[in-house]
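Here the protein sequences line up with chains G and B, keeping their order.
Each residue of the first sequence is one higher than the last, beginning at 1249 in our numbering.
Each residue of the second sequence is one higher than the last, beginning at 196 in our numbering.
Where is the CB? At the ideal position from N, CA and C, for every residue including glycine.
These figures come from a predicted structure and were not determined experimentally.
Step one of this worksheet: look at the structure below.
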Amino acid sequence: MGRYVARRLLLTIPVLLGASFLIFAMVYALPGDPIRALGGDRPLAPAVVAQLKQEFNLNDPLGIQYLKYLGDMAQGDLGTDFRGRPVLDTISQRLPITIKLTVVAIAIEAVIGIAAGVLAGIRRNSFFDNVVLVSTTLVVSIPILVLAFIAQFVFGLRLGLFPISGVQEGWYSFLLPGFVLASGSLAYVARLTRTSVAENMRADYVRTARAKGLPNRTVVIRHTLRNSLIPVVTFVGADIGTLLGGAIVTESVFNLPGIGRAIFDAVRAQEGAVVVGIVTLMVFFFIFFNLVVDVLYAVLDPRIRYE
Amino acid sequence: MSTASTSAPSGSARAGFGPILEVQDLRVQFRTGSGLVNAVNGVSYTVSEGETLAILGESGSGKSVSAQAIMGILDVPPAEITSGRILFEGRDLLTVSAEEQRKVRGPGISMIFQDALSSLNPVYSVGFQIGEMFRAHRGMSRKDAKKRAVELMDRVRIPAAAQRVNDYPHQFSGGMRQRVMIAMAIALDPRILIADEPTTALDVTVQAQVMDLLKDLQRDTGMGLVLITHDLGVVNEVADNVAVMYAGRIVERGTVDDVFGDPAHPYTDGLMSSIPQLEAKGGRLLPIGGQPPNLANIPSGCPFHPRCPKRRIGADALPGRHCAEDVPPLRLVVPGREAACHYSEEVLGA
């Protein structure tokens, strides 16, 4: 197991290199001149433009630019945006917002999704089961942008229960955006749990557990739920990696200055260093949490063994 | 090998006094999308201490369903026990509370299944799963339960039990997995062990070992063994008495030697003829013609009549014994033998 984890961690290095290069090349290939755009309506003096281009290595060919970027990164310097602000500062300021949003969203999707799925799975074809089926279908079919505005309007404006913008009220500010962000995954988790529980209820080993005369609670919790939740845990784990990459739509609608907003702004301004820095971080989160999930899988299911 | 008493047709008690388990007129239905399926239609049998009763039948004959009804592990719904009594040590398990019934499973009656791999939970060690019996029924600590699990694994002859107690089901071979199941089932010294096709999924040499183990355990504990199988060879080797099932009914019952030696029901007769004979190597097999009955639409009269070579319908039939109209009751044909056929006397000795 230890060797497997070490090998997987080593494998992240080429993946991160490849991903960062691709992003770097894509930003490079974008039409337009970021330095000229920096000046806005008032054109910069040619000398200033030349100096800035020199400073940010914009005159070099793509390969050289990328190598210089890597060289800096190896020394812990992720570069600066065109206004001279270190990318690391941007990340360290934005990331806590996105982490809070992720924590809230994951908590909502795991608690509500699993609870709904378990109840629906145990009582298949009951009224509650049908409510879950219909409501999850509804949630999945509404685009998150629409859902966000509906939530803002109903719970924020009409009922006045939640703040609809900004992070002034601490964790409370994250409840509504967290719920919106979680909704799609929540529906998926509920469905996944329901199917898994329903399937496990019919498993031969559950019949064995009954034949052993175990109390009903033990049969359900120990012999049905434990097995049913393996796929759910792996899905939720992988979802953490995805959500930590920032939620552009949710962060924009609820005016949360997180990673998603940062990358959106950076792409528009063609801030190559910022985009590459953040995307590389996103890729790392994604890989890391997928590794965590794989390890967790082996812990939960003894049939899985990594060599 | 049987010491069948000639006066008690419903099983020969070799030891003890009276039956431990008595099933009376058990009927089970399944409500499905395509209608009512009559899986078990009035089954009665008894099992005494130390007795091995084989329940023989093809797939869909109701042999497993009746066993699950006895264990109280049928899925209700879609299954429904519509009538009958299941007397265990004189108490009707169908009328006691669910909690009382649960307490019988394990210490009173226990069961092993055909496919040990899918019947064991893949995410718990075998020691844990055996130990659960002691924790649930005896309130033992996890540590003590594991100790007992090792003893049981020794008892069912799993080599290096102490080292293997923490292994998971998938790490065992098929035969060893079935031994784990057996260890679990005998953990609390049950009075009755129901073995539902315990050796079907195993290869022949392992089959023999597992059957030997079951017989040895039975000799040590005096438990009654209900062996559900479609394997005539296994029945012949280990069972004292046999009940042949067809379409959810018992069609013939008696000692194995009697029934196999001289069948009193055409279906049993057909089963015997279908056994490949070593002397007739290269010759044709003799299957029973036709298809097993559809349990949602069981033929009128004798359920076997559409396939029966000896059926009498129309003018051939004796009054009240029309094979396509009159259901033949399970009746005493000769001492110690029961069969559900209007014309058993003609089948016997044929």
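Between which residues of its own chain and residue i is the CB-CB distance below 7 angstroms, once the five residues before and five after are set aside?
i	result
B:Val-242	Gly-206, Pro-214, Ile-215, Leu-216, Leu-248, Ile-387, Gly-419, Val-421
B:Gly-465	Ile-483
B:Val-542	Pro-458, Ala-459, His-460, Pro-461, Asp-464, Lys-505, Cys-536
B:Phe-554	No information on residue 554 of chain B is available, as it lies outside the stretch 196 to 545 that chain B covers here.
B:Met-379	Gln-324, Ile-325, Met-328
G:Val-1543	Val-1253
G:Ile-1339	Gly-1525, Ile-1526, Leu-1529
B:Gly-544	Asp-457
Starting from the Cα of residue i, find the closest Cα among the options and give me that residue.
i	options	result
G:Gly-1332	G:Leu-1423, G:Phe-1532, G:Val-1522, G:Val-1540	G:Val-1522
G:Ala-1298	G:Asp-1281, G:Val-1547, G:Tyr-1453	G:Asp-1281
B:Val-299	B:Ala-311, B:Asp-310, B:Glu-284	B:Glu-284
B:Val-218	B:Ser-229, B:Asn-236, B:Cys-536, B:Gly-228	B:Asn-236
G:Leu-1473	G:Arg-1442, G:Thr-1350, G:Leu-1544, G:Leu-1395	G:Arg-1442
B:Asp-415	B:Arg-350, B:Asp-391, B:Pro-273	B:Arg-350
B:Ser-239	B:Ile-381, B:Asp-384, B:Leu-525, B:Gly-252	B:Leu-525
B:Asn-361	B:Ser-292, B:Pro-317, B:Leu-397	B:Pro-317
B:Val-405	B:Met-266, B:Arg-352, B:Phe-367	B:Arg-352
B:Ser-468	B:Leu-427, B:Cys-497, B:Glu-432	B:Leu-427
B:Leu-383	B:Lys-342, B:Val-429, B:Leu-409, B:His-332	B:His-332
G:Asn-1448	G:Phe-1533, G:Gln-1518, G:Val-1468, G:Val-1437	G:Val-1468
G:Phe-1403	G:Ser-1389, G:Gly-1418, G:Leu-1424	G:Leu-1424
B:Gln-309	B:Leu-513, B:Glu-392, B:Asp-511, B:Lys-410	B:Glu-392
G:Val-1380	G:Arg-1470, G:Ser-1431, G:Lys-1460, G:Val-1541	G:Ser-1431
B:Gly-334	G:Arg-1342, G:Leu-1462, G:Leu-1292	G:Leu-1462
G:Thr-1456	B:Ala-311, B:Thr-290, B:Lys-342	B:Ala-311
B:Val-529	B:Ala-357, B:Pro-501, B:Arg-448	B:Arg-448
B:Leu-490	B:Thr-227, B:Asp-270, B:Asn-233	B:Asn-233
G:Val-1415	G:Pro-1505, G:Arg-1290, G:Arg-1458	G:Pro-1505
B:His-425	B:Leu-231, B:Ser-254, B:Gly-230, B:Thr-227	B:Ser-254
G:Pro-1334	G:Asp-1320, G:Ala-1364, G:Thr-1346	G:Asp-1320
B:Pro-494	B:Pro-514, B:Ala-519, B:Pro-471, B:Leu-513	B:Ala-519
G:Val-1484	G:Lys-1316, G:Val-1387, G:Ile-1356	G:Ile-1356
G:Phe-1427	G:Asn-1378, G:Gly-1520, G:Ala-1358	G:Ala-1358
Using a Cβ-Cβ cut-off of 8 angstroms (strictly less than) and excluding sequence neighbours within five positions of residue i, which residues of its own chain qualify?
i	result
B:Ser-161	Any answer about residue 161 of chain B is impossible in this case: the structure gives chain B only from 196 up to 545.
B:Leu-315	Val-321, Gln-324, Pro-364, Arg-372, Val-375, Met-376
B:Gly-211	A caution first: B:Gly-211 carries a pLDDT of 49, below 50, which makes its placement in the model unreliable, though a value can still be read off. Answer for B:Gly-211: Ser-243, Glu-244, Gly-245, Gly-417, listed in chain order.
G:Val-1263	Val-1531, Ile-1535
G:Val-1527	Ala-1267, Ser-1268, Ile-1271, Ile-1511
B:Pro-446	It should be noted that the sequence gives Val, not Pro, for residue 446 of chain B. Result list for B:Val-446: Val-439, Met-440, His-460, Tyr-462, Thr-463, Phe-499, Leu-525, Ala-534, Ala-535, Cys-536, in chain order.
B:Pro-204	Any reading at B:Pro-204 must be qualified, since the residue scores a pLDDT of 39, below 50, and its modelled position is unreliable; the value itself is stated next. If we look at B:Pro-204 and ignore the five residues flanking it on each side, its Cβ neighbours are Arg-448, Gly-449, Leu-527, Pro-530, Gly-531, Arg-532, Glu-533.
B:Ala-434	Thr-247, Leu-248, Ala-249, Leu-422, Val-451
Leaving aside the five residues before and after residue i along the sequence, list all residues of the same chain whose C-beta is less than 6 angstroms from its C-beta, in chain order.
i	result
B:Ile-276	Val-223, Ala-264
G:Gly-1508	Gly-1494, Ala-1495, Ile-1496, Glu-1499
B:Met-196	In this predicted model, B:Met-196 has a pLDDT of only 41, less than 50, meaning its place in the structure is not dependable enough to derive any value.
B:Ala-340	Gly-326, Phe-329, Arg-330
G:Pro-1392	A small fix is needed here, since residue 1392 of chain G is Ile in this sequence, not Pro. Excluding sequence neighbours, G:Ile-1392 sits near Val-1497.
B:Ile-389	Ala-262, Met-306, Val-421
B:Ser-202	Only weak support is given to the placement of B:Ser-202: the predicted model assigns it a pLDDT of 39, under 50, and the value that follows is read from those uncertain coordinates. If we look at B:Ser-202 and ignore the five residues flanking it on each side, it has no Cβ neighbours.
G:Gly-1518	The sequence shown places Gln at residue 1518 of chain G, not Gly. If we look at G:Gln-1518 and ignore the five residues flanking it on each side, its Cβ neighbours are Leu-1278, Pro-1282.
G:Gly-1361	Leu-1434, Val-1437, Ala-1438
G:Val-1482	A small fix is needed here, since residue 1482 of chain G is Thr in this sequence, not Val. Correct list, in chain order: Val-1541, Tyr-1545.
From the DSSP output, read off the bridge partner residues of residue i.
i	result
B:Met-440	B:Ile-445
B:Ile-389	B:Met-306, B:Val-421
B:Ser-278	B:Arg-222
B:Arg-532	B:Val-529
B:Phe-283	B:Leu-216, B:Arg-286
B:Leu-513	B:Arg-516
B:Arg-300	B:Ile-304
B:Thr-227	B:Gly-230
B:Thr-450	B:Asn-436
Is any heavy atom in the ligand PLP found nearer than 7 angstroms to the beta carbon of residue i?
i	result
B:Val-321	This structure does not include the ligand PLP; it has no bound ligands of any sort.
Whole alpha helix (DSSP H) elements within the region 1331-1415 of chain G, 4-residue minimum: Segments of the alpha helix (DSSP H) lying fully in the region 1331-1415 of chain G: 1335-1370, 1375-1389, 1392-1399.
Cβ contact check for the region 266-280 of chain B and the region 221-236 of chain B: 3 or more pairs under 8 angstroms: In short, these stretches touch, since the Cβ pair count reaches three.
Given 8 angstroms, three or more beta-carbon pairs between the region 1301-1313 of chain G and the region 1267-1279 of chain G: Judged by Cβ distances under 8 angstroms, the region 1301-1313 of chain G makes contact with the region 1267-1279 of chain G, as three or more pairs qualify.
Inside the region 230-267 of chain B only - alpha helix (DSSP H) runs reaching at least 4 residues: Those alpha helix (DSSP H) runs which fall completely within the region 230-267 of chain B and span 4+ residues are 258-266.
Touching by the beta-carbon criterion (3+ pairs, under 8 angstroms), the region 1317-1333 of chain G and the region 1396-1407 of chain G: Result no; under three Cβ-Cβ pairs closer than 8 angstroms.
Validate contact between the region 1466-1486 of chain G and the region 1443-1452 of chain G using beta carbons, cut 8 angstroms, 3 pairs: The region 1466-1486 of chain G, when compared against the region 1443-1452 of chain G, does touch it at the 8 angstroms Cβ threshold.
At least three beta-carbon pairs within less than 8 angstroms, the region 1373-1383 of chain G to the region 1484-1492 of chain G: Because the criterion of three Cβ pairs below 8 angstroms is not met, the region 1373-1383 of chain G and the region 1484-1492 of chain G do not touch.
Runs of beta strand (DSSP E) wholly within the region 1303-1335 of chain G (minimum 3 residues, chain order): Look at the region 1303-1335 of chain G and you find no whole run of beta strand (DSSP E) that is 3 residues long or longer.
Segments of 4+ residues assigned as alpha helix (DSSP H) that fall wholly inside the region 310-346 of chain B: Listed in chain order, the complete alpha helix (DSSP H) runs (minimum 4 residues) inside the region 310-346 of chain B are 311-314, 321-333.
Those runs of the beta strand (DSSP E) which lie wholly inside the region 1494-1529 of chain G and span at least 3 residues: Note on the region 1494-1529 of chain G: there is no whole beta strand (DSSP E) run with a minimum of 3 residues.
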